[in-house]
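S.K.: In UniProt numbering, the protein residues as written are 1 to 278.
1. Are the CB atoms of residue 154 and residue 164 nearer to each other than 8 angstroms?
2. Relative to the alpha-carbon of residue 252, which residue among 213, 246, 80 and 56 has its alpha-carbon at the smallest distance?
3. Name the DSSP bridge partner or partners of residue 200?
4. Can you give me the C-alpha to C-alpha distance between residue 117 and residue 158, rounded to a whole angstrom?
5. Check whether the region 171 to 178 touches the region 189 to 196, taking contact to mean three or more Cβ pairs, one atom from each stretch, closer than 8 angstroms.
6. Around the Cβ of residue 83, are there at least 16 other Cβ atoms within 10 angstroms (buried) or fewer (exposed)?
7. Comparing C-alpha positions only, which one of 226, 176 and 140 sits nearest to residue 202?
8. If you draw a straight line from the alpha carbon of residue 123 to that of residue 144, how long is it in whole angstroms?
9. Does DSSP classify residue 245 as helix, strand or coil?
10. Straight-line CA distance for residue 46 to residue 86?
11. What residues match up with residue 191 in a beta bridge as DSSP calls it?
12. Assign residue 139 to one of three DSSP states: helix, strand, or coil.
13. Between residue 106 and chain C, is the shortest Cβ-Cβ distance under 8 angstroms, so that the two count as touching?
14. Pull up the CB-CB distance for residue 208 and residue 98, whole angstroms please, since I reckon it's below 8 angstroms.
15. List the whole-angstrom C-beta distance separating residue 317 from residue 132, where the pair is believed to meet the contact cut-off of C-beta under 8 angstroms.
16. With DSSP as the reference, please indicate the residues paired to residue 236 in a beta bridge.
17. In whole angstroms, give me the CA-to-CA distance for residue 90 and residue 246.
18. Assign residue 147 to one of three DSSP states: helix, strand, or coil.
19. Is residue 111 closer than 8 angstroms to residue 180 when the C-beta atoms are compared?
20. Looking only at its own chain, which residues have a Cβ that is under 6 angstroms from the Cβ of residue 128, when we skip the five neighbours before and after it?
21. Hey, out of 94, 119, 78 and 199, whose CA is closest to residue 134's CA?
22. Does DSSP classify residue 61 as helix, strand or coil?
23. Which of the three DSSP states is assigned to residue 211 in this structure?
24. Quick check on residue 259: buried or exposed, where buried means 16 or more other Cβ atoms within 10 Å of its Cβ?
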């Protein structure tokens with residue numbers, strides 16, 4: 001502002017300017033420039049101080065955030081390790097639970113195809129007599145002793161729908177094994193009052209799911225003469241034509257095995273139906 005006033009004052013002087021006047025004007029101009037520079041420098045310094053304070057504050061806050069993140073990162077690592085350990089424990093507990101439930105079902109059989117109209121106030125006696133009619137007296141000379149017997153605990157189906165399975169617990173395990181082995185031999189041939197009947201092991205849902213994974217490979221394996229069988233809980237074992245036993249750990253291994261082996265002797269369709277429904 002001061003330098004602008006001096007320039008305006010010099011323009012008003014139309015006459016010649018002597019050396020003394022010029023020197024005086026230069027001194028005034030110098031003083032004015034110096035004053036303006038100091039004013040600008042003071043303002044800039046004030047602004048820089050504010051910026052420095054802001055930077056310092058942000059640096060402290062970032063340091064605090066970084067410390068917090070380091071703390072949370074450490075806690076996350078610890079939680080991940082604990083979750084991993086818990087997953088292992090849960091996996092072991094699930095395996096044990098499946099084993100315990102499977103053992104509790106060892107003496108059970110599951111009967112499919114019995115009409116919903118078949119019922120009694122004494123189901124253990126009633127269905128034991130039905131078992132004799134289904135299996136024949138050459139297999140069961142007398143009604144087997146049943147500890148418990150009931151329909152599956154699901155809502156009663158509508159008329160004409162598939163009846164619920166009957167679950168029976170045999171008091172003697174050897175009789176249960178006799179029934180299962182005979183049912184496998186005569187699968188597709190068991191009937192009751194003209195209706196087809198199927199009898200299976202009563203596996204827990206986890207075991208049923210594991211065994212179902214092999215459903216698509218069992219037929220092709222049997223067709224090629226490898227005599228597949230699922231050992232408990234879901235262990236696929238095959239027998240080659242030369243009598244060698246092989247264990248295939250997964251359905252994918254079974255599929256890969258089929259791709260690398262030529263087809264062997266075909267198997268009759270009736271036997272194939274037996275292995276597919278096993």
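Just so you know, even glycine gets a beta-carbon here, dropped at the ideal spot from N, CA and C.
M.R.: The short version:
1. yes
2. 213
3. Residue 200 is bridged to 110.
4. 12 angstroms
5. No contact exists between the region 171 to 178 and the region 189 to 196.
6. exposed
7. 176
8. One C-alpha to the other measures close to 13 angstroms.
9. strand
10. 59 angstroms
11. The partner list for residue 191 (beta bridge, DSSP) reads 196.
12. coil
13. Absent from the structure is chain C; it holds one protein chain and no more.
14. Contact flag wrong, Cβ pair sits at about 11 angstroms.
15. Here the chain covers residues 1 to 278 and nothing more, so residue 317 does not appear.
16. 230 and 248
17. 32 angstroms
18. strand
19. For the 8 angstroms CB-CB criterion, residue 180 and residue 111 do not form a contact.
20. 143, 144 and 146
21. 199
22. helix
23. helix
24. exposed
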